[in-house]
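Each residue of the sequence shown is one higher than the last, beginning at 3 in my numbering. Ideal placement from N, C-alpha and C gives every residue a C-beta, glycine not left out. All values reported here derive from a predicted model rather than from experimental measurement.
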Amino acid sequence: MVIKKGDIEGIKKYVRAANYLSAIQLYLKDNFLLERELNPEDIKPRLLGHWGTCPGINFVYANMNYLIQKTKASMMLVIGPGHGFPALQSNLFMEGTLEDFYPKAKQNLEGIGYIAREFSWPYGFPSHSNPGAPGVILEGGELGYSLSTSYGAILDNPELIVTCLVGDGEAETGPTATAWHLNKFIDPAINGAVLPIVHLNGYKISGPTIYGRMSDSDLLSLFKGYGYDPVIVEGSDDKIYEKMADVIEKSYNKIKEIQKLARKGKKIIAPRFPMIILRTLKGWTGIKELNGQKMEGNFPSHQVVGKKAKESKYERTAVENWFRSYKFEELFDAKKGFCEEILKLVPKKELRVGNNKHAYCTKTYEKLILPDIKKFSEDAKIPGTIGSSSMRRTGAYLNEVFKLNRKNKNFRLFSPDETYSNKLDEVFKTTSRAFVWPLKPWDKDLAPNGRVIEMLSEHSLQGLAQGYNLTGRHMIFASYEAFIEIVSSMKDQYEKFIRVAKEYPWRGKIPSFNYILTSSGWRQEHNGFSHQNPSFIGNALEKCDGLTRVYFPPDGNSALAVLKECLSSTGRINVIVAGKTLEPRWLTPEMAEKELKRGSMIWDFASEKNPDIVFGAVGDYMVKESLAAISIIRKDAKEIKSRFVNVMEITSLQKHAKHYEGDKFEELFTEDKSVIFNYHGYPSNVKALLIDHPNPERFKVHGYTENGSTTTPFDMHVRNKTSRYHLAIEAIELMSKEGIVKKEKAAKLIKDYEQQLKAHSAYIRIYGVDPEEIENWKWKKNI
C-alpha cells in the first residue's frame, strides 16, 4: 500500500499528543501545559494509574483513525488491558467524543485540566476503562475477556470491525487462550470481523510475559495454528509507523475480501482472518532510566514511573523532561486547540471509534418478538398427575423465538456442548450450531450461519454473550448447573458493569443477561459429586438488590412464563434454575403467570385453612418432595393442618421486595407458625434472605449440604435430608412439641419414617434403583 509521508507525520503527531495527555493524567493537578517549571504543588498527592501500556494503545488508536479516514469503516476498540484507561480517555478527548458526554471536556486548556485533574480522583474518572467512558463495552480490570467480548460484538453486525487489543499479560489467562478459537464460529457472510492485536510490550507488573520471550517464529506458528494470518509489527523508530499503517490497511482489505466472497455465495471454509502482533517497548517514549534502573522497555514502567515526583526534585525533573520531550506546544494551542495535522486524522462524528453506534443500546436495542406461552403450555388442570420437562418446553419456546426473530437476527443461544443433553434441541428445527471449520458428512445440526454457539469453554461463551448483550442484542446462556460456577467471577464483573451503566442514560436499554441452569445437581446422581454444585446461585444471591433475580419454575408451564418474562426484561441478570427430567405439572399457564407476578404463592390445592405448619419450597425437585411430605402427613396425622407456599423467584423473600405484588410475607408464611423450607441450593442462601424478618428461627431450612455421589435420585434427597421422610419427621417433631400430635403417636410415626429410610437404603444397594413407590409417586387430591 502507498502511505503518504504527510499521513505518517500526522499519525506521529497524534500519538505524541495522546502520549502527553495520557502521561499528565497520572501526575498533574495543575500546570497542565508546562507553562512554568513543575513544582510540588503541581503534582497529585497520590500518583495512581498505569503508564506502560498507554503508548501502544495510543499508537493503535491513531492507526485506526487513519484507516477509518481512508475507508469509512465502522470500527470499535476493545482494550484488554483496561488499566490503560488514560490512553483511551486521551483519544476520546482528542476526537471530541468525550465532550459530547462530558461538557467540561472541551478541547482547550480547561478541558485538558479537567481530564488530568479528575483522573483517578475521588468522584472523578476511574483508573480503568468503565461504563462511563463512551464506546466502552469492557472494563478490562479482571483480565482475559477482551477477545471473547469482541467476537460477541461482531455477531450479526456484518459491517462492524472490532479491533481487539489483547495485552501480552492478559494473553496468559485461560479465557484468552480459549477465545483464540472463536474464529471457528464466525461466518463472514453474516457477521462482522475482529482484528486482534496482541500488544506485546514484554512485561507484566513485575516481570516478563511468556509471549515477550517467545521467538517470532514461535509466535507466528502459534497463531497460524489457531487459524489466523499473523503479521508482526515491531520497532520504536519511524519505520514502525509506516509498517503499522501498511499492515492495518492490508488487514482491513483482507477482511473485506473474505466477506465479499462469502456474501456472494462462495463457500468459505476455515477463513484465515488477519491478526497483528505488535512488539513495542513497555512504557514506550517514557523515562529511559531512573535511579540507575532501566525504565522504558522494562517492568518498572508498568505503573507510575517516578513515584516520588512530588517530594524528589530529581524525580520531578525527570518527569518534567519526559513531558517536555513530546513538545506538546507544537501540537496544541490553548486558544486554537489541536494542530491541523491532528484534526485531519480525526474521523467525522458518526465514524469516530468512541461514537460507534453499536456501543450504545439507545441506537441498537430492539425488542424481541415473543410468542404466547399458551401455544406451548401443557394441561395441568389436575395438579401433579402428568409428567413434563421444563427444558423440553423451553426448547420448543426458543425454537419459536428463533423463527419470529429470523429477520431481526437479534437473538442467540450459547451453550457448552449441551444443547442436546439439556433437552433444548428442538431449536435445531429452525437453526443450527455455528461452525465454519471443515465438516464431516455425518455431522449433525452444524452450519456456518447457525445461531447456536457451542464450545467447551464457559469463559468464551460468557464473553461472547456479554459482547452480544452490550451491543443491544438478546441471548440465553444455558449450562449444566454445576459448571456455570466456572464463570462466577466474570458474571460479577459484568454485573458491576451494568450496575454502573444504569447511571448513564445514554447507555440505553441493555437487554437482560439470561442464564439457564439445568442438569441440576439433584438429578446428576449418575455423574456423581463433581456434577453436584449449586454455588452459582448463592453467588448471584449475594447481590440480590433488584438487579439480579433467580427463578425456580416448579414445572414446564412455569418455565415458559419465566422465560418470556426474562426475555422481555432489560438491565438485569436473570438466572433460571430448572430440571430437564420428566416431572409433575402443577400450575396452569394462568396460575404460573399469577405466581410469577407475586414471586411466591400459596398453592390452594395443597393447603388448608388456619394451618398449624407451613411448608415452603424453592425448586422443582424440592416442590415434589415437600408435597410428598404433606401427603404423608395428611394420611398419617390428619390433626395437622398444613399450608404449602411455592417460591418461584427467591429474592421475593426479601423483607423489602418492592418489585413484586400480592400477599405480604406474613400472609404467606403466617406470623408465628413453624415453616419447613425445602430449598434447591445451600440452606445458607435462604437463611440470609429470612434474617431480617421477625422471628427467623421459626424457619427450618433444608437444602443441599454437600452430600453427594453416584447414587439414585431419591438417595440424593436422603443424603441431604431434603427427602419427604426427613421433612415429615421434622414436621411431626414440631407438632408434637406444640401438642398438636400426641407424643406417643409422634414417636411411632417418626420410627416408621426412619424405617422407611433404612429400607430405601437397603433396597438401592441391592437393586441400584429407587423403589417403585418413590419413582412413580403422584399427588392425590383430598388425601
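{"query": "For Leu215, does the count of other Cβ atoms within 10 angstroms reach 16, so buried, or fall short, so exposed?", "result": "According to the sequence as given, residue 215 is Arg; it is not Leu. Exposed, since its Cβ has fewer than 16 Cβ neighbours within 10 Å."}
{"query": "Which partner residues of Asp231 appear in the DSSP bridge assignment?", "result": "Pro276"}
{"query": "Quick one: using the 10 Å Cβ neighbour count with 16 as the cut-off for buried, is Arg394 buried or exposed?", "result": "buried"}
{"query": "Pick helix, strand or coil for Gly558, following the three-state DSSP scheme.", "result": "helix"}
{"query": "Here's the rule: buried if 16 or more other CB atoms are within 10 angstroms of the residue's CB, otherwise exposed. What is Lys46?", "result": "buried"}
{"query": "Buried or exposed for Ser522, please, with buried defined as at least 16 other CB atoms from any protein chain shown within 10 angstroms of its CB.", "result": "buried"}
{"query": "Assuming Thr712 and Glu420 form a contact by the criterion Cβ under 8 Å, report the distance between their Cβ atoms to the nearest whole angstrom.", "result": "Incorrect: roughly 20 Å between the Cβ atoms, too far for contact."}
{"query": "Please return the same chain residues whose Cβ sits closer than 6 Å to the Cβ of Pro586, not counting the five positions on each side in sequence.", "result": "Gly386"}
{"query": "Taking 9 Å as the threshold (C-beta atoms), are Val703 and Phe679 in contact?", "result": "yes"}
{"query": "Determine the burial state of Ala107: buried for a count of at least 16 other Cβ atoms within 10 Å of its Cβ, exposed for fewer.", "result": "buried"}
{"query": "Taking its Cβ as the centre, do 16 or more other Cβ atoms sit within 10 Å of Asp239, making it buried, or is it exposed?", "result": "exposed"}
{"query": "Can you name, in chain order, every residue of its own chain whose Cβ lies under 8 Å from the Cβ of Arg501, other than the five neighbours on each side?", "result": "Leu549"}
{"query": "Within the continuous beta strand (DSSP E) that includes Tyr482, where are the two ends?", "result": "476-482"}
{"query": "Just the C-alpha distance for Ile731 and Glu597, rounded to the nearest angstrom, thanks.", "result": "29 Å"}
{"query": "So the candidates are Leu30, Gln464, Ser570; which of them puts its Cα closest to the Cα of Pro513?", "result": "Ser570"}
{"query": "Can you tell me the Cα-Cα spacing of Arg18 and Glu259, whole angstroms?", "result": "33 Å"}
{"query": "Residue range of the beta strand (DSSP E) that Leu162 falls in?", "result": "162-169"}
{"query": "Measuring CA to CA, which of Trp781, Thr473, Leu140, Val321 is closest to Lys493?", "result": "Leu140"}
{"query": "For the 8 Å Cβ check, are there 3 or more pairs between the stretch 183-203 and the stretch 457-466?", "result": "yes"}
{"query": "Short check: CB of Phe617 to CB of Leu759, under 9 Å?", "result": "no"}
{"query": "Assign Asn193 to buried or exposed, taking buried as 16 or more other Cβ atoms, counted over all protein chains shown, within 10 Å of its Cβ.", "result": "buried"}
{"query": "Could you tell me which of Pro124, Lys753, Lys7, Lys310 sits nearest to Tyr29, measuring between CA atoms?", "result": "Lys310"}
{"query": "From the DSSP output, read off the bridge partner residues of Gly339.", "result": "Asp335"}
{"query": "Enumerate in chain order the residues of its own chain whose CB-to-CB distance from Gln495 is below 6 Å, with the five nearest sequence positions on each side excluded.", "result": "Glu144"}
{"query": "In three-state DSSP terms, what is Tyr517?", "result": "strand"}
{"query": "Residue ranges of each beta strand (DSSP E) run of no fewer than 3 residues wholly in the stretch 689-728, ordered along the chain?", "result": "701-704"}
{"query": "Relative to the C-alpha of Asp694, which candidate in Phe301, Pro160, Ala659, Tyr681 has its C-alpha closest?", "result": "Ala659"}
{"query": "Which value, in whole angstroms, describes the spacing of the CA atoms of Asn358 and Asp248?", "result": "24 Å"}
{"query": "Ignoring anything shorter than 4 residues, give me the alpha helix (DSSP H) runs that lie fully in the stretch 37-116, in order along the chain.", "result": "56-73, 87-97, 99-103"}
{"query": "Residues bridged to Met603 by DSSP?", "result": "Asn648"}
{"query": "Measure from the alpha carbon of Ile257 to the alpha carbon of each residue in Glu236, Asp547, Glu161, Ala320, then state which is nearest.", "result": "Glu161"}
{"query": "CB-CB under 6 Å to Ala191, same chain, minus the five flanking residues each way: which ones, in chain order?", "result": "Ala264, Arg265"}
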